[in-house]
Every structure is written in C-alpha cells, then in structure tokens.
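Okay, so here's the structure we're looking at.
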C-alpha cells in the first residue's frame, strides 16, 4: 500500500467518524447515519475528482471504501448511542482537524499527479479538505462549521498545502512532506480553535 492510499483511507475513516457523531447528535436512524458518514467521507474527494475530470471517481474504483463505511455504520451507530454523553463539539472539532489535514494533502497530491499547476493544486487540496464537512453540516440542517465559527479553517488547509508544494519543489522526500503538511494543517486548525482565533468578526 502506498502512503497516499494509506492517508486517503485514514482521512475517510476520520471523516466518517465525524459524520457518525453528527448524525447521532441529530438522532438519525441507521440510514441517516450511513448517509451522513458517506457524504462526509467522500464529498470532498468526489468534487475534486469531478473538477479534475478523473473518472471513475476514487470511491468507485475502490469499492472497499464504501463497504468499509457501510460496515462501520452498523457498528458505530449503537456504540455512539451508548457513549452519547461523551460526544461533544470538541470531539467533532478534533475529528474535523485531523480529517482536514489528511484530506487536504491527499487532494493536493492528486492534483499534482494530474499535472495541475501549484495554485490549482493548492485549491484542490482545500476543496478536498473542507467540502465533505460542508455537505455533512448542510444535510444535518446546520450552517457549515467552516462558514460559521469565524476560525481560519480553509486557510489552515491552504497554508499547509503550500507547505507541501514548497517542500516538494525543493526536493523534500514525498512521504516526509505528506506527513509534515498533514500534521501542520491539523495542528494549526486545533490551535485556532483552542485559542479562539477568528477572522472578520
């Protein structure tokens, strides 16, 4: 398994987890839990693939991804219901931050592989990182977190994507660049949340 595929799987799992949590908070049934988790896990990557004209979509090529989400929905729904008292906004923020870092570097890497210029690649990373969460919140009848909390959510992804691009441009080993950038994005997002750093408010 290549590192980028491993990162993609980890991103899908983290994205699905945040979807499970939000769906259970909204007291959705099993179908709702699966749907929200599926949209969260695959929404950003799907939009990225459409914009890059990549066919079939990444989760269609790897049907095991969709099967994994389905199986996890069967397990996660009763588990999260049992542990509902510990499910909080903090848990969703942490899951979102980790997912943001992993999805973003997966997106920018895919765009580079498709021959996109640096700026377009960085934007594809942002789209991959945030769009699943946007769709999750819309389906759950919430204003998307990226638009309402005033924290530099997308900017964290944008900066981290450029860190990855610059590291690759100057010949840094790909695996190191991927992990460093993903960690930077997730850490920066958590710092903005912890210290309540906001923009335009």
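Residue numbers (my numbering): 66 to 266.
Even for Gly, the Cβ is constructed at its ideal location relative to N, Cα and C.
Taken in chain order, the whole alpha helix (DSSP H) runs of length 4 or more contained in the segment 194-230 are 210-213. Excluding five sequence positions before and after residue 131, the CB atoms of its chain that fall closer than 6 Å to its own CB belong to 124, given in chain order. Counting C-beta pairs with one atom in each stretch, the segment 212-227 and the segment 95-105 have fewer than three that are closer than 8 Å, which means they do not touch. The beta-carbon distance between residue 195 and residue 165, rounded to whole angstroms, is 7 Å. This is short enough to meet the 8 Å contact definition. With the rule of 3 Cβ pairs closer than 8 Å, the segment 79-91 counts as touching the segment 192-208. Boundaries of the alpha helix (DSSP H) around residue 240: 239-259.
Assigned with DSSP and collapsed to three states, residue 91 falls in coil, not helix or strand. Around the beta-carbon of residue 264, fewer than 16 other beta-carbon atoms lie within 10 Å, marking it exposed. Positions of the beta strand (DSSP E) runs, each at least 3 residues long and wholly inside the segment 94-129, cannot be given because no such run exists.
Residues of the same chain with their beta carbon placed closer than 7 Å to that of residue 236 are lacking, with the five preceding and five following residues left out of the count. Residue 109 is positioned such that its CB atom lies closer than 8 Å to that of residue 192. By the C-beta density criterion, residue 72 is buried, having at least 16 other C-beta atoms within 10 angstroms. It is roughly 5 Å from the alpha-carbon of residue 246 to the alpha-carbon of residue 229. Residue 95 places its beta carbon less than 8 Å from that of residue 142. Here residue 161 is near residue 198, since their CB atoms are less than 8 Å apart.
Here residue 233 carries a helix assignment [DSSP, helix/strand/coil]. Only residues of its own chain outside the window of five on either side were considered, and among them 195, 198, 199, 218 and 219 have a CB closer than 7 Å to the CB of residue 211, listed in chain order. For the set 92, 243, 98 and 209, the Cα lying nearest the Cα of residue 171 is the one of 243.
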